[in-house]
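Residue numbers (this note's numbering): 1 to 195.
For every residue, glycine included, the Cβ atom is placed at its ideal position computed from N, Cα and C.
Since the structure comes first, as structure tokens, the remarks are kept for the end.
Encoded structure:
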């Protein structure tokens, strides 16, 4: 009896692992606005893991769009990605279970770096003075920012309901239209209308 394997969306699986970390964290720290300034080593770990993956996906998405891309930092990623995918800056993410809505790339629309990305760099390089930046608000926004990038990176797979399993906590919002497959209602379709 043989084992057959098919390629899996490895970055999607990584995101789902981070989402699971957030779900486990929610047993000890309620994800509400009142707790947004709470910080910890676990939140630093989630912020680091999500932000590092954002760096990887930004680079890969830039190369997917332009094989000659030389983008290698957040501002260069912004310039290339907004040129090709301007909807990134407007994309929203929700966590309905806790009544939260995020707009993780909003700062890109103002030619600025996302606040959570600045927090990530502050904690990475100046932990002794900026450890409080490893807080719930920045960690959740970093994971939400990764989710947004993955919806663009795996756009074709999302349109074919091939991104599974679905996230259980994070949900795609505007401008994505989320539906289920007619033939397989347990599979989610992510469509990005031409605006």
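Check                                                                                                                                                            : Outcome
Have a look at residue 77 and residue 71 and give me their C-alpha separation to the nearest angstrom.                                                           : 6 Å
Take the Cβ of residue 41 as the centre, count every other Cβ of all protein chains shown within 10 Å, and call the residue buried at 16 or more, exposed below. : exposed
Using a Cβ cut-off of 8 Å (strictly closer), state whether residue 81 contacts chain D.                                                                          : Included in the structure is just one protein chain, with no chain D present.
So what's residue 180 in DSSP terms, helix, strand or just coil?                                                                                                 : strand
How is the beta strand (DSSP E) around residue 93 delimited, first residue to last?                                                                              : 93-95
Strictly by DSSP, which residues pair up with residue 135?                                                                                                       : 39
Looking at the structure shown, is residue 188 part of a helix, part of a strand, or coil, going by DSSP?                                                        : strand
Assuming residue 196 and residue 135 make a contact with CB atoms under 8 Å, what is their CB distance in whole Å?                                               : What is shown of the chain runs 1 to 195, which leaves residue 196 out entirely.
With distances taken from CA atoms, which of 161, 98, 61 and 145 is nearest residue 116?                                                                         : 145
Express the C-alpha separation of residue 3 and residue 113 in angstroms, rounding to a whole number.                                                            : 46 Å
Please state the DSSP three-state secondary structure of residue 89.                                                                                             : helix
Roughly how many angstroms lie between the CA atoms of residue 140 and residue 190, to the nearest whole one?                                                    : 21 Å
What is the C-beta distance between residue 192 and residue 155, in whole angstroms, given that I count them as a contact (C-beta under 8 Å)?                    : 6 Å
If you measure between the beta carbons of residue 57 and residue 11, is that distance less than 8 Å?                                                            : yes
Going by Cα to Cα distance, which pick from 179, 180, 168 and 184 is closest to residue 23?                                                                      : 168
Does residue 120 pass the burial test, meaning 16 or more other C-beta atoms within 10 Å, or should it be called exposed?                                        : buried
For residue 29, does the three-state DSSP call read helix, strand or coil?                                                                                       : coil
May I have the straight-line CA-CA distance separating residue 55 from residue 15, to the nearest angstrom?                                                      : 13 Å
Return the first residue and the last residue of the beta strand (DSSP E) that residue 100 is part of.                                                           : 100-102
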